[in-house]
Amino acid sequence: MYEQLSLPMNLNSNNYVVQANDLISGKQTLTLNEAKILRLAIMQIVKEDKQFKPYRVKITDLAEILGIDSSNIYRDIDKITDGLMSKFVKIKDKNKPNSKSFLKFKWVDYCKYTEGTGIIEIKLYEGSGEDKGLRPYLLGLKEYYAQYPLENILAMNSVYAIRVFELLQAKITQKVLPKEGVLVRLTVDEIRAACECEDKFTQFGMFRKKVVDIAKKEIERVTLFTVDFKYVKEGRKVVAFDILVNMKYH
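This is the structure:
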C-alpha cells in the first residue's frame, strides 16, 4: 500500500481545487476540517497526473492552515483521519440519470502517521481494476468541472457554506463574471443532497437559517463574491433559489 514515495504538500492556498461537477453535487457527510483537508489534498493534483500520489505534510503546518490549536493537533488529526477513512461520497450514476442508481466511493486510500516524525501522509482513493475510484472526477478533467482557489474556503466556518459555494461554482460557466452578475438556480433538494441534510432542519425556516443564511454570510465574508438569494415557489412551497452571483468590485 505504501510503496509509492510521498511528495511534500504544496500549501499555497492561491492554488486551485479542481473537481468534476458530478463529485461536487454528490452527497458528502464530511465535517468542516475533514472537508478542508480533503480539498487541500485535491489541490495537489496537476494536469499531467495519471494517478493519485501520496502527499505528506507536517502536522504543525496543517494545524496552522486549518486554524487548529497546535496543543490539540495530534488528538484532532487522529479524529479527522478517522473520519476521512470511514466516510464516502455518493454520486448519481450519470449513465442512468433518471434512475435511483448511484456510485459510492471512499475518499482516501490511507492516512499514515509515524510517531516522532510530526508528519502525516494522505493518498486519495485510487481504486483498482474496473473500480476507477475518484480518478474520473479529479484527473484529466476537460469539461463539466469547477475550480476555485483553496483560500476561498479555508476561512469558512461552515461546511454547508463550502458545499453551497461549490454548487454555485459548478453552475457558473463564465471565466469572468459580467458586471450585471450571473443568475444561478439551485433547488432546495440539490442543496440538501450536497449538504447531506435531507433529514435535518425539516422546517424551511430552520433550513434557511442554518444552511442558506450561513452560506450567504460566509461566502460574502471570505470570498470576492456577493450572493443574493430569491425564493422560487410552487404554490406556497419554496422549491429553489435564484441566486444572483456577482463580484464585490463590480
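For any residue, its number in the numbering used here is found by taking its place in the sequence shown, counting from 1, and adding 111. In this text, a Cβ means the ideal position worked out from N, Cα and C, and glycines have one as well. Remember, predicted model here, so these are calculated numbers, not experimental data.
task = Put R347 into one of helix, strand or coil per three-state DSSP.
result = Translated into the one-based positions of the sequence shown, residue 347 becomes position 236. Here R347 sits in coil by DSSP.
task = Pull up the distance between the alpha-carbon of I325 and that of V270, whole angstroms please.
result = Here the question's residue 325 lines up with position 214 in the sequence shown. Here the question's residue 270 lines up with position 159 in the sequence shown. Distance between the alpha carbons of I325 and V270 is about 10 Å.
message = Using CA atoms only, rank isn't needed, just tell me which of K205, N125 and Q139 is closest to E277.
response = Within the sequence shown, residue 277 is the residue found at index 166, counting from 1. Measuring from the Cα of E277, the nearest candidate turns out to be Q139.
task = Please report the residue range of the beta strand (DSSP E) in which L141 lies.
result = Within the sequence shown, the letter at position 30 stands for residue 141. Looking at the DSSP string, L141 is not in any beta strand (DSSP E), and its letter there is neither H nor E.
request  = Can you tell me the Cβ-Cβ gap for V129 and I156, rounded? I've got them flagged as a contact below 8 Å.
outcome  = The count along the sequence shown starts at 1 and reaches residue 129 at position 18. The count along the sequence shown starts at 1 and reaches residue 156 at position 45. Right, the Cβ-Cβ distance comes to about 7 Å (below 8 Å), so this counts as a contact.
Closest by C-alpha distance to L355, when choosing among I302, A174, K207 and K290 = Numbered from 1 along the sequence shown, position 244 holds the residue referred to as residue 355. Closest option to L355, Cα to Cα, is K290.
message = Can you tell me whether R346 is buried or exposed? The criterion is at least 16 other CB atoms within 10 Å of its CB, across all chains shown.
response = Numbered from 1 along the sequence shown, position 235 holds the residue referred to as residue 346. According to the sequence displayed, residue 346 carries Gly and not Arg. Exposed.
query = With C-beta atoms as the reference, is V272 less than 8 Å away from I191?
reply = The residue given as residue 272 occupies position 161 in the sequence shown. The residue given as residue 191 occupies position 80 in the sequence shown. Looking at the sequence itself, residue 272 is Ala, so the reference to Val does not match. No, Cβ-Cβ distance for A272 and I191 is not below 8 Å.
query = Based on the DSSP secondary-structure assignment, which residues constitute the bridge partners of Y248?
reply = Looking up residue 248 in the sequence shown gives position 137. DSSP lists no partner for Y248.
query = Cα separation between V295 and E175?
reply = Taking the first residue of the sequence shown as 1, we reach residue 295 at position 184. Taking the first residue of the sequence shown as 1, we reach residue 175 at position 64. Cα-Cα distance, rounded: 34 Å.
request  = Please confirm if the stretch 177 to 190 is in contact with the stretch 117 to 126, defined as three or more CB-CB distances below 8 Å between the two stretches.
outcome  = no
request  = Measure the CB-CB distance between F340 and L235 and report whether it falls below 8 Å.
outcome  = By 1-based counting over the sequence shown, the position of residue 340 is 229. By 1-based counting over the sequence shown, the position of residue 235 is 124. Result no, Cβ atoms of F340 and L235 do not sit closer than 8 Å.
Per-residue burial, E307 [other beta carbons within 10 Å of its own, 16 or more giving buried] = Position 196 of the sequence shown, counted from the start, is the residue given in the question as residue 307. Answer is buried; the Cβ neighbour count reaches 16.
message = Distance check for E232 and V168, CA to CA, integer angstroms please.
response = As a working mapping, residue 168 is identified with position 57 in the sequence shown. As a working mapping, residue 232 is identified with position 121 in the sequence shown. Cα to Cα, the separation comes out at about 7 Å.
message = Tell me the DSSP secondary structure of M358 in three-state form.
response = Stepping through the sequence shown from its first residue, residue 358 is reached at position 247. Three-state result, M358: strand.
task = Please work out which residues of its chain come closer than 6 Å, Cβ to Cβ, to N268, disregarding the five sequence neighbours upstream and downstream, and give them in chain order.
result = If you number the sequence shown from 1, residue 268 lands on position 157. Here the set comprises nothing.
request  = Can you give me the Cβ contacts of L134 inside the same chain, cut-off strictly under 8 Å, excluding the 5 residues immediately before and after it?
outcome  = In the sequence shown, counting from the first residue as 1, residue 134 sits at position 23. These residues qualify, in order along the chain: V200, I202, L245, Y248 and L249.
ask   = Should E145 go down as buried or exposed, given a rule of 16 or more other Cβ atoms within 10 Å for buried?
value = In the sequence shown, counting from the first residue as 1, residue 145 sits at position 34. It counts as buried.
query = Looking only at its own chain, which residues have a Cβ that is under 7 Å from the Cβ of S117, when we skip the five neighbours before and after it?
reply = The count along the sequence shown starts at 1 and reaches residue 117 at position 6. P165, Y166, R167 and E232, listed in sequence order.
inquiry  = In whole angstroms, give me the CA-to-CA distance for S136 and I170.
reply    = Position 25 of the sequence shown, counting from 1, holds the residue named residue 136. Position 59 of the sequence shown, counting from 1, holds the residue named residue 170. For S136 and I170, the distance between alpha carbons rounds to 30 Å.
Per-residue burial, L335 [other beta carbons within 10 Å of its own, 16 or more giving buried] = Here residue 335 refers to the residue found at position 224 when the sequence shown is read from its first residue. L335 comes out exposed.
task = Please say whether K147 and L279 have beta carbons closer to each other than 8 Å?
result = Position 168 of the sequence shown, counted from the first residue, corresponds to residue 279. Position 36 of the sequence shown, counted from the first residue, corresponds to residue 147. Not closer than 8 Å, so no.
ask   = Since N357 and A257 are thought to touch, with beta carbons under 8 Å apart, how far apart are those beta carbons, to the nearest angstrom?
value = By 1-based counting over the sequence shown, the position of residue 357 is 246. By 1-based counting over the sequence shown, the position of residue 257 is 146. Not really, about 17 Å apart at Cβ, beyond 8 Å.
task = Report, in whole angstroms, the separation of the C-beta atoms of K344 and V338, which I expect to be a contact under 8 Å.
result = What you label residue 344 is simply residue 233 of the sequence shown in a count that begins at 1. What you label residue 338 is simply residue 227 of the sequence shown in a count that begins at 1. No, K344 and V338 are not in contact; Cβ-Cβ is about 19 Å, not under 8 Å.
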